[in-house]
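Numbered according to my numbering, the sequence shown terminates at residue 709, and the numbering increases by one at each position without gaps.
Written below as structure tokens is the structure these notes are about.
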Amino acid sequence: MRGWWREIAGLVLPAECAGCGAGRCVLCEECREEVRGRPRRAWPEPVPDGLPPVYAAAWYADAVREVLLAHKERGALVLAEALGGALAGAVLRAGAVGRARDGGDAGAPLMLVPVPSARSAVARRGHDPVRRLAAVAAGVLRRAGERVCVAAVLRQRRAVADQVGLDASERCANVAGAMAAVGGVARRWYGDAPVVLVDDLMTTGASLIEAARAIGEAGGRVVGAAVVAVPPRRGRRL
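The structure is reproduced here in structure tokens:
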């Protein structure tokens, strides 16, 4: 019931701009442009071992931060269109560069694999934000003529602590071995298709590293990762 109500509320209730608070619009054009960003390579600091090449659309600050939080934590589902569009741009860059570097079957569809949220988080929020954004991004890319599928094959196989407040090494230790691919589904989906991991936000890269490990262990071929945003880094621009 909670998830159903959020679906309806996110579609029909009038709202201020989620990014800047401007009246009577879900997302103003200025904030929409900020969310769209310009997909570029992104790195956490320090760069951990095992992290696939990551592409991000925008900085996690100002309007982008507010829009992501509104979608993720407050159930503003109507914002998935703008966020998924931004993610689609990052996926396109990650897939193109990854395919060129990795080789393999150039005609195989690109597989988008969402980084899973804990079941408790999904239940608390009433929706799975990353899986929703992956589906929107895939739709955007398919309409542009790309061969893309969403393969939500990763699951949390043990409980993990809240990552807030943990440093990079603690986050890696917290999620190490926590994810697994659903065996039969994973084998059916993967084949020789290149995999791009998708998430809404990268901070230390720990979750992406664990997701890449789990996909590789199941026989998948991760060529890159795409996220909507990363925290600002001094002296680095997207």
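Beta carbons are placed, not taken as given, at the ideal position from N, Cα and C, and that holds for glycine.
Note that the structure is predicted; figures quoted are calculated from it, not measured.
Of the listed residues the options, nearest to residue i (C-alpha basis)
{"i": "S678", "options": "A489, G521 and R590", "result": "G521"}
{"i": "L563", "options": "G676, P665 and E487", "result": "P665"}
{"i": "V586", "options": "L612, A622, L554 and R613", "result": "A622"}
{"i": "C491", "options": "R602, A534 and A589", "result": "A534"}
{"i": "A615", "options": "R626, D599 and G556", "result": "G556"}
{"i": "D670", "options": "R509, A649 and L554", "result": "L554"}
{"i": "L539", "options": "R613, R503 and G566", "result": "R503"}
{"i": "P523", "options": "L668, A700, A689 and P702", "result": "L668"}
{"i": "P600", "options": "V698, A685, W530 and G494", "result": "V698"}
{"i": "Q627", "options": "E487, Y531, A652 and P703", "result": "A652"}
{"i": "V790", "options": "E487, E500 and E516", "result": "The requested residue 790 does not occur in the structure, where the chain is confined to residues 472 to 709."}
{"i": "P519", "options": "E688, A683 and A532", "result": "A683"}
{"i": "R602", "options": "G566, E552, G574 and D573", "result": "E552"}
{"i": "G574", "options": "R704, R692 and P703", "result": "R692"}
{"i": "V611", "options": "A561, D663 and R704", "result": "A561"}
{"i": "E505", "options": "C496, A532, A493 and E487", "result": "A532"}
{"i": "D663", "options": "R509, A689 and L548", "result": "A689"}
{"i": "V619", "options": "E487, A592, A567 and R596", "result": "A567"}
{"i": "P703", "options": "W530, R590 and C496", "result": "W530"}
Extent of the continuous beta strand (DSSP E) to which residue i belongs
{"i": "L672", "result": "P665 to L672"}
{"i": "C620", "result": "V619 to V621"}
{"i": "R626", "result": "L625 to Q627"}
{"i": "V525", "result": "V525 to W530"}
{"i": "A651", "result": "M650 to A652"}
{"i": "A513", "result": "R511 to A513"}
Beta-carbon proximity check, residue i vs residue j, cutoff 8 Å
{"i": "L558", "j": "A606", "result": "no"}
{"i": "G676", "j": "G569", "result": "no"}
{"i": "Y526", "j": "R536", "result": "no"}
{"i": "M754", "j": "A513", "result": "With the chain running from 472 to 709 in the structure shown, residue 754 is simply not present."}
{"i": "L550", "j": "L625", "result": "no"}
{"i": "R507", "j": "A489", "result": "no"}
{"i": "A685", "j": "M650", "result": "yes"}
{"i": "E487", "j": "G494", "result": "yes"}
For residue i: DSSP bridge partner residues
{"i": "G695", "result": "V667"}
{"i": "L583", "result": "V621 and V667"}
{"i": "V701", "result": "W530"}
Continuous alpha helix (DSSP H) stretch holding residue i: start and end
{"i": "P600", "result": "P600 to R614"}
{"i": "R710", "result": "No answer is possible for residue 710: the residues shown for the chain start at 472 and end at 709."}
{"i": "G578", "result": "Where G578 is concerned, there is no enclosing alpha helix (DSSP H), given that its DSSP letter is neither H nor E."}
{"i": "L550", "result": "Taken as a continuous stretch (DSSP letters only), L550 belongs to no alpha helix (DSSP H), as it is neither H nor E."}
{"i": "E688", "result": "A677 to E688"}
{"i": "V506", "result": "E500 to R507"}
Residue i CB to nearest heavy atom of the ligand HEM below 7 Å
{"i": "R509", "result": "No copy of the ligand HEM occurs in the structure displayed, which carries no ligand at all."}
* Asked: Are three or more beta carbon pairs between the stretch 538-545 and the stretch 569-583 nearer than 8 Å?
  -> no
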